[in-house]
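Trainee: The structure under discussion is supplied below as structure tokens; questions concerning it will follow.
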Amino acid sequence: MLRLVLKQTLAHRGRLLLTFAAITLGVTFVVGTLVLTDTSREVFDDQFCDASTEVDIVIRDAVAFDAAMGIEVERDPLNSRLAAHTATLPGVSRAIPVVKGTGLLIADGEAIVPAGPSMLTSWTGVDGFTLRDGHAPEQLDEVVIDAATATAHDITLGDTVRVQADSEADLRVVGLVGFGDADGLPDTTVALTSLATAQRLLRLGDGISQISVIAADGTATSEVADRLRAELGTDVDVAASQDTAAASAAAAKSQLGFITGALLALAGAALVIGAFLIANTFSVLVTQRTRELAVMRAAGATGRQVMTSILGEAAVLGIAGAVAGTGAGLVAATGLRALLDAAGATVPDGPTVLSARTLVVALAVGVVVTLIAAFGAARRAARVSPVMAMREGALGTAGGRGRIRAGVGLTLTAAGVAALSVGGATESMPALGAGTAALVAGLVALAPVVAPAVVHLIGRGLSAVTGRSVPAGLAREAARRAPRRTGATVMALALSLALVVFVSVVGASVRAALQSGFDEAITAELVVESARGEMLGGLEPATREKIEELDEVGTVSPLRFGHWKDSGATRALTALDPATIDDVTHVDMVEGSLTDLSDGRDGVVITERQAVERGRDVGDRLAMTFARTGTVQVPVVGLIDDDDAKALSTDYLVSLASYRDWFTERVDATLLVRPSSGTTLDQAQTALEDALEGMPTVEVRDQASAAEARTASLDGILTLITAVLMLTVLIAMLGITNTLALSIIERTRELGLLRAVGMTRRQLRTMIRTESLLIAVAGLLVGTTVGVATSALFVRAIAQGGDLHLQIPTTGLALVAAAALVVGIVGGLAPARRAARLEVLTAIHEQ
Amino acid sequence: MTNLLNTTPGIADTRPAAASTKTVAVRARGLVKTYGSGPAAVKALDGADLVIHTGTFTAIMGPSGSGKSTLMHALAGLDVLDAGQVHIGDTDVTGLGERQRTLLRRDRFGFVFQSFNLLPALTAQENITLPLDLAGRRADPDWLARLVDTLGLRDRLGHRPSELSGGQQQRVAVARALVTRPEIVFADEPTGNLDTRHGQVLLSFLRDACDDLGQTIVMVTHDPLAAAHADRVVLLTDGRVIEEITDPTASAIADRMLQLDTDQHPNPHPRAGSGFGSGSGSIQEG
């Protein structure tokens, strides 16, 4: 049986080629995503876990929570005397004071901006860095950097580099370090200095970031940790170093979770669309082999055996596709990384990780998707009766099942539309999700009914324009005659195009809302932001200090971001300066004003929507948990208009004074700047740019480009998703080529007859190409309709009554239309050429 | 239906050629066609000569593998020859390119195949006018009406082939062959898939078309009863024309065929399905 299956698969390898390609593409995508994220995860593990190999216990300031939204919270510094005290405690061999922070390296006036962090750490000798050359930093003006950075930027021992943190200093490179076997950490620059230098650069006074404890020989780490906890009290956090490292790695990895999820969702879409192609191929193969299968049945094969043999072929194909896809996935991981990079979502790069799980998933995905897709055809094959071996012609279509299918399809479609309408009206995302799923399932079921009708109508329309043409008429008929095949092909393309339309419409709508809110609410002429898009912003305090000194500047009003916990959920808030905020913004308040935040008491302004949802009003209290302080009952002092709050990025506004109490973080996210009176915008901008010249990651933008920049990361992600979705369009195109190629085989005799009675090769080619184009245009119509309809409802739901309006992006739709036309034209080329090459005589006598 | 054409003299008026003129419609000389190469090579035609006059009904007969279908395909420009020349009227078919041969088929020939070969998606009417539609020409409405009425297809025009009987389908095929008023109609075993009664009806129709309209007809058949409707039977063996029977009767043909078969009998493996069949299946593998 296995031999028979293998022989059959090989015998049909020509017909299975495109199917194989579709499976391979889908698996490639899945494997690429998994390899990419595994590699990045491994990098994070290396970065954090190996760093504390010799260290047993880490003592840090206690916080209410370690990390939020993928970034670790900053902690208050510890008193350095605590290290000396810890060293005297029993079970402690060494207690090393450590300072950690961010310090940008500047060599020869050029800032070295890595994709990952710019590490600045005091030298300990126990944290995994090993000297490759030179010596440890001892003097205040000495620094040790990682060998990888030194090599990349041509820095040698004795060179001077500038390290820029809260303050900056020129330091002499006295040593180069590696990390384990590697020359450094991936996507990272490392600067190691003496403790005092690090404290000075990070303006910590004599504070330290943490105490690294090495337990005495023969003592258990957990016992020592317990003893330290008892001794040092609850103001500090005592943890096994491997736990803190794992927690840090986990925080960093949680950011990858989103990327993995998004990429896997796209891979899923590619697989679903590929499944249409697979289903089509097997359906056609079974139809073409009806006689052969009937002979098998007549020879004594049971229906189950026939079914097994078809599924066996599918399995062989799935395994082959999975193997090829795994190989291609290793390459695709690099491509995906480049795409993500271009989209502004940088993930760390390291040695490629191909885990056993990836291999299992690849194989499972390849085989399971193929089997499911081939199942319908296999079941149909099992129903072939032996008597068909003697009959002329192909398998008839079952009318009854068609009606059941139409009924199921109509029900699902109606349910989907209903759920979507309800979801759109009630702004319920689950209802929208379920509605979309039902709608898609319904359309898939209806495809054999709907798609040929659409194709026929388009064909009619085309004839009306171009005049009656036999090849075009025949193309229209051919598409209609194989409704299931046409339906699956049209739907595959329609779904992939609907996804592109959906992303494009939702993206454009969100984009417009972001920009318009910003335009209306922000009145500052200039906006200073970090070009690197750090989550909490990346402007060191020095940036504001430099700007405030300028005569050209009238008002500088900073915005900071912070995370807080709201009974488990992580939320973001915006801190602003109540004294200056009205100079640079114009927001509508429902109740109270932003200056109510300023009278020395803590308070929070929340959006009207949050007030309604939470049943809170001015005067009520909101329980907010901060990492630094724990839970604080904060009085609500004002309600702000929902849309204007969007310009300030969050639903919760607090004063900078409160922020300083609640957060350790000191970086500004945005500086809103007004020129002083008598200074032109240009003069002010030039002055700012000159003043900030030594800070390569800081950007000065005018109001309009700042509005644009707010959507830059969104644009990047949309471009990435669209680029990746084009892959599904490509698979859909393979589907058209495949369908036509298979249908040509089926129609060989008919084509031969046409040629015999005088159809020229050119007319024949036109006929096949027209069919391809009709399918593509039908896919375009269905896809655009579904895409626009679902995205319109989604936009309404996301808007939740806010200022989000549906934007139909003409460029996006033009792109989709162009893609469909290219698909229609290119998809038909090969089958048309092939059909035209048919020998008339051979074709006419084909059975 | 057999005599319908006799009762519609109007058709004859529209036909330029008369049965009595001795114009040459087809002249074939030294036709050679080999399939395959090396030891597996099969010589389907081996120097066949043939002249067919305008307005005659010729039947090509011969044992399986004698090359009769290959000969017809060569005459009709469906197949390319290795050697020899075919003239249709003044046109040297052997010198024509693929496109010109296609246009020749479309504009000057009509075809009737054994397995009716109608397009399932088209109605009977659309199938009939297919060659004209492909050429972008309109059917002469009078001529079309006469054909349809004569063949008894009037009330079947809107039907698709699947809704027609075998006899009706083959009559549609004949109408399609005649609709362009071709110089020659080529019929390849036209009665092969019909029962005797429907077969006789069809042959009578072809006979009438020849007699009344001066239609030149070339028919390949293995059935002496069918061949008896022709003016002349051309007998082929081993790719060569070995004999002609004029004004044949079924029994005369049957006797002669039986004799040929006996001659061939020593060969234990007569090739089944002549040369053209060898290519079937090759497309399927692609």
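Going line by line, the protein sequences match chains A and C.
Count along the first sequence from 1, add 701, and you get the number used in my numbering.
Count along the second sequence from 1, add 6, and you get the number used in my numbering.
The beta-carbon is built from N, C-alpha and C at its ideal position, and this holds for glycine as well.
If you're wondering where the values come from, they're calculated on a predicted model, not measured in any experiment.
#1: Specify, as a first and last residue, the run of the alpha helix (DSSP H) that residue 147 of chain C falls within.
#2: Using 7 Å as the limit for Cβ to Cβ distance, is residue 199 of chain C near chain A?
#3: Less than 7 Å between the C-beta atoms of residue 1277 of chain A and residue 1305 of chain A, yes or no?
#4: Which ranges would you report for the beta strand (DSSP E) in the segment 139-208 of chain C if only whole runs of at least 3 residues count?
#5: Does the separation of the CB atoms of residue 153 of chain C and residue 128 of chain C fall below 7 Å?
#6: At the level of alpha carbons, what is the spacing between residue 724 of chain A and residue 1470 of chain A?
#7: Step through the CB atoms of chain C and report whether any lies within less than 7 Å of the CB of residue 728 of chain A.
#8: Would residue 836 of chain A be called buried (16 or more neighbouring beta carbons within 10 Å of its own) or exposed?
#9: Just the chain A side, please: which residues come within less than 8 Å of residue 127 of chain C by C-beta, in chain order?
#10: Looking at C-beta atoms only, is the number of pairs between the segment 1199-1212 of chain A and the segment 1389-1409 of chain A that lie closer than 8 Å three or more?
#11: Quick one: using the 10 Å Cβ neighbour count with 16 as the cut-off for buried, is residue 707 of chain A buried or exposed?
#12: Report yes if the C-beta distance between residue 1180 of chain A and residue 1472 of chain A is below 7 Å; otherwise report no.
#13: Of the residues that make up the segment 86-114 of chain C, which ones have a beta carbon closer than 8 Å to any beta carbon in chain A?
#14: Please look up how many angstroms separate the CB atoms of residue 1064 of chain A and residue 1105 of chain A, rounded, as I've assumed it's under 8 Å.
#15: Do you know how far the Cα of residue 192 of chain C is from the Cα of residue 211 of chain C?
#16: Ends of the beta strand (DSSP E) at residue 85 of chain C?
#17: List the whole-angstrom C-beta distance separating residue 818 of chain A from residue 831 of chain A, where the pair is believed to meet the contact cut-off of C-beta under 8 Å.
#18: Measuring straight from C-alpha to C-alpha, what distance separates residue 792 of chain A and residue 929 of chain A?
#19: Let's see if you can read the secondary structure: which residues bound the beta strand (DSSP E) around residue 1327 of chain A?
#20: Quick test of your reading: residue 173 of chain C and residue 207 of chain C, contact by CB under 8 Å. State the CB separation rounded to the nearest angstrom.
#21: Taking a Cβ distance cut-off of 7 Å, strictly less, list which residues of the segment 129-162 of chain C are near chain A, in chain order.
#22: With residue 1008 of chain A as the anchor, note down where its alpha helix (DSSP H) starts and where it stops.
#23: Can you tell me which of C:78, C:85 and C:190 puts its alpha carbon nearest to the alpha carbon of residue 1541 of chain A?
#24: Near residue 1479 of chain A, what residues of its chain come up, given a Cβ to Cβ distance below 7 Å and the 5 sequence neighbours on each side ignored?
#25: Is there contact here, the segment 718-733 of chain A with the segment 1028-1036 of chain A, by at least three beta-carbon pairs under 8 Å?
#26: Verify whether the separation of the beta carbon atoms of residue 903 of chain A and residue 851 of chain A is less than 7 Å.
#27: Counting C-beta neighbours from all protein chains within 10 Å, is the total for residue 1165 of chain A 16 or more, i.e. buried, or is it exposed?
#28: If you draw a straight line from the C-alpha of residue 906 of chain A to the C-alpha of residue 900 of chain A, how long is it?
#29: Just to confirm the assignment: which complete beta strand (DSSP E) runs, minimum length 3, are found wholly within the segment 1230-1318 of chain A?
#30: Closest to residue 1382 of chain A by C-alpha separation, out of A:961, A:1268 and A:1224, would be which residue?
#31: For the segment 830-871 of chain A, list the beta strand (DSSP E) runs that are entirely contained and at least 3 residues long, ordered along the chain.
#32: Closer than 7 Å, CB to CB, is residue 192 of chain C near chain A or not?
#33: Where are the alpha helix (DSSP H) runs, 4 residues long or more, that stay fully inside the segment 868-928 of chain A, in chain order?
#34: Could you tell me which residues DSSP pairs with residue 37 of chain C in its beta bridges?
#35: With distances taken from CA atoms, which of A:1283, A:1481 and A:975 is nearest residue 1520 of chain A?
#36: Evaluate residue 713 of chain A with the Cβ neighbour count: other Cβ atoms within 10 Å of its Cβ, from every protein chain shown; 16 or more gives buried, anything less gives exposed.
Mentor: Working from what's here:
#1: Within the second sequence, residue 147 of chain C is the residue found at index 141, counting from 1. Its alpha helix (DSSP H) spans residues 147-156.
#2: On the second sequence, position 193 is the one that residue 199 of chain C refers to. For residue 199 of chain C, the nearest beta carbon of chain A is not closer than 7 Å to its own beta carbon.
#3: Taking the first sequence and counting its residues from 1, one reaches residue 1277 of chain A at position 576. Taking the first sequence and counting its residues from 1, one reaches residue 1305 of chain A at position 604. Cβ distance not < 7 Å, so residue 1277 of chain A and residue 1305 of chain A don't count as in contact.
#4: Within the segment 139-208 of chain C, the complete beta strand (DSSP E) runs of at least 3 residues are 190-194.
#5: The residue you call residue 153 of chain C lines up with position 147 of the second sequence. The residue you call residue 128 of chain C lines up with position 122 of the second sequence. Taking 7 Å as the Cβ cut-off, residue 153 of chain C and residue 128 of chain C do not qualify as a contacting pair.
#6: Numbered from 1 along the first sequence, position 23 holds the residue referred to as residue 724 of chain A. Numbered from 1 along the first sequence, position 769 holds the residue referred to as residue 1470 of chain A. Approximately 25 Å, taken between the alpha carbons.
#7: Your numbering for residue 728 of chain A matches position 27 in the first sequence. So no, residue 728 of chain A is outside the interface.
#8: Taking the first sequence and counting its residues from 1, the one referred to as residue 836 of chain A is at position 135. Exposed, because fewer than 16 other Cβ atoms sit within 10 Å of the Cβ of residue 836 of chain A.
#9: The count along the second sequence starts at 1 and reaches residue 127 of chain C at position 121. Within chain A, the residues near residue 127 of chain C are 1175, 1178, 1179, 1181 and 1182.
#10: no
#11: Looking up residue 707 of chain A in the first sequence gives position 6. Burial call: exposed.
#12: Along the first sequence, one-based indexing puts residue 1180 of chain A at 479. Along the first sequence, one-based indexing puts residue 1472 of chain A at 771. Pairing residue 1180 of chain A with residue 1472 of chain A gives a Cβ-Cβ distance under 7 Å.
#13: 104, 105, 108, 109, 111, 112 and 113
#14: Indexing the first sequence from 1 puts residue 1064 of chain A at position 363. Indexing the first sequence from 1 puts residue 1105 of chain A at position 404. The pair is not a contact, with the Cβ atoms about 34 Å apart (cut-off 8 Å).
#15: To locate residue 211 of chain C, count along the second sequence from 1; it is residue 205. To locate residue 192 of chain C, count along the second sequence from 1; it is residue 186. Roughly 14 Å between the two C-alpha positions.
#16: One-based indexing of the second sequence puts residue 85 of chain C at position 79. First-last for residue 85 of chain C: undefined, no H or E at that position.
#17: For this step, residue 818 of chain A is matched to residue 117 along the first sequence. For this step, residue 831 of chain A is matched to residue 130 along the first sequence. Not quite, the Cβ-Cβ distance comes to about 20 Å (not below 8 Å), so this is no contact.
#18: Here residue 792 of chain A corresponds to residue number 91 of the first sequence, with the count starting at 1. Here residue 929 of chain A corresponds to residue number 228 of the first sequence, with the count starting at 1. Near 9 Å, if we compare the C-alpha coordinates of residue 929 of chain A and residue 792 of chain A.
#19: Residue mapping note: residue 1327 of chain A aligns to position 626 of the first sequence, counting from 1. Looking at the DSSP string, the run of the beta strand (DSSP E) that includes residue 1327 of chain A is 1322-1327.
#20: Looking up residue 173 of chain C in the second sequence gives position 167. Looking up residue 207 of chain C in the second sequence gives position 201. Sure, about 7 Å apart at Cβ, within 8 Å.
#21: 136, 137, 139, 140 and 141
#22: Walking along the first sequence from the start, residue 1008 of chain A turns up at place 307. Element bounds for residue 1008 of chain A: 1004-1043.
#23: To locate residue 1541 of chain A, count along the first sequence from 1; it is residue 840. Taking only the C-alpha atoms, the option nearest residue 1541 of chain A is C:85.
#24: For the purposes of this step, residue 1479 of chain A is taken as the residue at position 778 of the first sequence. Once the five neighbours on either side are set aside, the close Cβ partners of residue 1479 of chain A are 1152, 1155, 1156, 1159 and 1191.
#25: yes
#26: Reading the first sequence from its first residue, position 202 is the one you call residue 903 of chain A. Reading the first sequence from its first residue, position 150 is the one you call residue 851 of chain A. No, they are not a contact pair.
#27: Locating residue 1165 of chain A in the first sequence gives position 464, where the first residue counts as 1. It counts as exposed.
#28: By one-based count along the first sequence, residue 906 of chain A stands at place 205. By one-based count along the first sequence, residue 900 of chain A stands at place 199. Near 6 Å, if we compare the C-alpha coordinates of residue 900 of chain A and residue 906 of chain A.
#29: 1254-1267, 1270-1277, 1290-1292 and 1305-1308
#30: Looking up residue 1382 of chain A in the first sequence gives position 681. For the set A:961, A:1268 and A:1224, the Cα lying nearest the Cα of residue 1382 of chain A is the one of A:1224.
#31: 830-835, 843-847 and 861-865
#32: Start at 1 with the first residue of the second sequence, and residue 192 of chain C comes out as number 186. Nearest CB-CB separation between residue 192 of chain C and chain A: not below the 7 Å threshold.
#33: As summarised for the segment 868-928 of chain A, the continuous alpha helix (DSSP H) elements at least 4 residues long and confined to that stretch are 896-902, given in chain order.
#34: Within the second sequence, numbered from 1, the residue matching residue 37 of chain C stands at position 31. Paired residues: C:54.
#35: Indexing the first sequence from 1 puts residue 1520 of chain A at position 819. Comparing Cα-Cα distances from residue 1520 of chain A to each of A:1283, A:1481 and A:975, the minimum goes to A:1481.
#36: Position 12 of the first sequence, counting from 1, holds the residue named residue 713 of chain A. With 16 or more other Cβ atoms within 10 Å, it is buried.
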